[in-house]
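Undergrad: If you scroll down you'll find the structure; I have some questions about it.
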Amino acid sequence: MKLTKNLAAPLCALGALALTAPASATEGERIQITGEIIDTWCYFSGVMGGPDAVVGSAHHTCALWCSAGGIPVGLLGEDGEVYMVLKIEGDDQNASGDTNLNLASHEITADGMLYKRDGLNYLVVEKVVTDHGITNLNHEDYGVVPGFAIPEPKK
Amino acid sequence: MIKPVLALLALCSPALADQSPLPFDLGGAFELVDQTGTARTQADPQGHPQLLFFGYANCREICSAALPMMAQVADAVAEQGITVTPVMITVDPARDTVDTLGPALAQHHADFVGLTGTAMQLQVAYDAYQIETEEVFTDPEYGPVYAHGSFLYLLDAQGKLLTLVPPVITPEAAAGIVAKYTQGQS
Chain X
2 MKLTKNLAAP LCALGALALT APASATEGER IQITGEIIDT WCYFSGVMGG PDAVVGSAHH
62 TCALWCSAGG IPVGLLGEDG EVYMVLKIEG DDQNASGDTN LNLASHEITA DGMLYKRDGL
122 NYLVVEKVVT DHGITNLNHE DYGVVPGFAI PEPKK
Chain H
2 MIKPVLALLA LCSPALADQS PLPFDLGGAF ELVDQTGTAR TQADPQGHPQ LLFFGYANCR
62 EICSAALPMM AQVADAVAEQ GITVTPVMIT VDPARDTVDT LGPALAQHHA DFVGLTGTAM
122 QLQVAYDAYQ IETEEVFTDP EYGPVYAHGS FLYLLDAQGK LLTLVPPVIT PEAAAGIVAK
182 YTQGQS
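Line order of the protein sequences matches chains X and H. Each residue of the first sequence is one higher than the one before, counting from 2 in our numbering. Each residue of the second sequence is one higher than the one before, counting from 2 in our numbering.
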């Protein structure tokens, strides 16, 4: 299920499934998934730009600021779903750790455990199988998003 | 308009029993002091569910989004007859004192509870929720900036963890999650 800015529809869709399908397993599910490590606040709030602009190289600097400030990172999967990262290999917290900062805006292939809870996807990344680096070079289209992410030096 | 949306969310959300358990053991006892100087534990003295966040009043980063969101969630579920107490445990006790916490948090919500304590007391609470804090840089205008865990934790009145709430979803969606767990508890 895709986590969107408005969760009413997807929550309802899941609710409808719950009404018609037998109870599914409640334990976590091991998955291997490829996607970009994103800044979830800017992605969902929309305050810094549209979803295509607040990812990739255009948003890399802001993503670093946000992660350093404690905003949890997510993995935007190739399936279009966002997986909230609870923990990631090498870091004992969900934001601001060195691994999170090093992987900001990077496309990775991750192996870990998926937990579905309250209509949201939570991911514990046990291993970063491949770090593909920053592959979305959208700064060529958008420049730096937002522009003030790189402060002007004070004279 | 928010009330029908919340009702819809509560109706449509998956059953509590049909979802993954949290992949780690969070929560536990702590003893801190609130903005009135009164001792307070993980339990809400008024018997209400609690929405807990670790942050600091002077934070210009995630707290500036999370604290107003917590207030909005409290107001939204109140329309359904659910009283949820927003609680912040400081990660910056040097600046968040008994004297300063109250006015800062009252800007967000009249019922906001701010908790601080000695370094040892606070560490007990951090350990319970696996909160790591680190001063990452100093903002020349606003002072030290701390990195810290930023999920919201929904607790029952006794202080037992019910679920996580990411601080990045909409207040309406967060209120739907809170309502699902706390219906009939306050």
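For every residue, glycine included, the Cβ atom is placed at its ideal position computed from N, Cα and C.
Mind listing which residues of the segment 66-79 of chain H have their C-beta closer than 7 Å to chain X's C-betas, in chain order?
TA: Against chain X - using a Cβ distance shorter than 7 Å - the residues of the segment 66-79 of chain H are ALA66.
Undergrad: Give a yes or no on whether the C-beta atoms belonging to THR220(H) and LEU33(H) are separated by under 9 Å.
TA: This structure gives no information on residue 220(H), because the portion of chain H shown stretches from 2 to 187.
Undergrad: Could you tell me whether any Cβ in chain X is nearer than 9 Å to the Cβ of GLU142(H)?
TA: Not an interface residue.
Undergrad: Residues of the segment 104-136 of chain X with a CB closer than 9 Å to any CB of chain H: list them in chain order, please.
TA: Cβ contacts with chain H come from MET114, LEU115, TYR116, LYS117, ARG118, ASP119, GLY120, LEU121, TYR123, VAL125.
Undergrad: Checking 9 Å against the spacing of the C-beta atoms, do GLN159(H) and GLN73(H) come in under that value?
TA: No, the Cβ-Cβ distance between GLN159(H) and GLN73(H) is not below 9 Å.
Undergrad: For GLU141(X), which three-state DSSP category applies?
TA: Helix at GLU141(X).
Undergrad: Quick check on GLU133(H) - is its C-beta less than 9 Å from some C-beta in chain X?
TA: So, interface residue.
Undergrad: Are the segment 174-186 of chain H and the segment 75-82 of chain H in contact at 8 Å, needing three or more beta carbon pairs?
TA: Yes, the segment 174-186 of chain H touches the segment 75-82 of chain H.
Undergrad: Please check if any C-beta of chain H sits within less than 9 Å of the C-beta of GLU70(X).
TA: Inspection of the sequence shows that residue 70(X) is occupied by Gly rather than by Glu. Taking Cβ atoms only, chain H reaches closer than 9 Å to GLY70(X), which makes this a yes.
Undergrad: Would ILE39(X) pass as a contact of GLY75(X) if the rule is Cβ separation under 9 Å?
TA: Their beta carbons are under 9 Å apart, which means ILE39(X) touches GLY75(X) by this criterion.
Undergrad: Can VAL126(X) and ILE89(X) be called in contact, C-beta distance under 9 Å?
TA: In this structure, ILE89(X) lies closer than 9 Å to VAL126(X) by Cβ.
Undergrad: Can you give me the C-alpha to C-alpha distance between GLY29(H) and ARG31(X), rounded to a whole angstrom?
TA: Straight-line Cα distance between these residues: approximately 28 Å.
Undergrad: Could you tell me which chain H residues have their CB closer than 7 Å to the CB of PRO147(X), listed as they occur along the chain?
TA: Here the premise fails: no neighbours, minimum Cβ distance about 15 Å.
Undergrad: Please identify the residue among THR84(H), PHE55(H), VAL125(H) whose C-alpha is closest to the C-alpha of ILE72(X).
TA: It is PHE55(H) whose Cα lies nearest to the Cα of ILE72(X).
Undergrad: By how many angstroms is the C-alpha of PHE31(H) removed from the C-alpha of ALA126(H)?
TA: The alpha-carbon atoms of ALA126(H) and PHE31(H) are separated by roughly 5 Å.
Undergrad: Quick one: residues in its chain with C-beta nearer than 7 Å to the C-beta of GLY29(X), no 5 flanking neighbours on either side, listed in chain order?
TA: Taken in chain order, the residues that qualify are MET114, LEU115, TYR116.
Undergrad: So, do the segment 98-108 of chain X and the segment 117-124 of chain X have three or more beta carbon pairs nearer to each other than 8 Å?
TA: As far as the Cβ criterion goes, the segment 98-108 of chain X does not touch the segment 117-124 of chain X, which means the pair count is below three.
Undergrad: As a quick exercise: from SER21(H), GLY38(H), ARG41(H), LEU68(H), pick the residue whose alpha carbon is nearest that of ALA107(H).
TA: Cα-wise, what sits closest to ALA107(H) is LEU68(H).
Undergrad: Are there 16 or more other CB atoms within 10 angstroms of the CB of PRO46(H), so buried, or fewer, so exposed?
TA: Result: exposed.
Undergrad: Between ALA111(H), LEU116(H), PRO104(H), which lies nearest to ASP93(H) when the distance is taken from Cα to Cα?
TA: Among ALA111(H), LEU116(H), PRO104(H), the Cα nearest to that of ASP93(H) is on LEU116(H).
Undergrad: For the beta strand (DSSP E) that ASP93(H) lies in, which residues bound it at each end?
TA: Element bounds for ASP93(H): n/a, residue is neither H nor E.
Undergrad: Just checking: is the beta-carbon of THR62(X) within a distance shorter than 9 Å of some beta-carbon in chain H?
TA: No - not a single Cβ of chain H is within 9 Å of the one on THR62(X).
Undergrad: Is the number of C-beta pairs between the segment 133-145 of chain H and the segment 163-180 of chain H that are closer than 8 Å three or more?
TA: Counting Cβ pairs under 8 Å, fewer than three are found: no touch.
Undergrad: On a CA-only basis, which of HIS60(X), GLY36(X), PHE45(X) is nearest ASP142(X)? Give me that one, please.
TA: Answer by Cα proximity: HIS60(X).
Undergrad: If you draw a straight line from the C-alpha of VAL130(X) to the C-alpha of TYR84(X), how long is it?
TA: Distance between the alpha carbons of VAL130(X) and TYR84(X) is about 17 Å.
Undergrad: Using a Cβ-Cβ distance under 9 Å, would VAL166(H) count as near chain X?
TA: For VAL166(H), the answer is yes, since a Cβ of chain X falls inside 9 Å of its Cβ.
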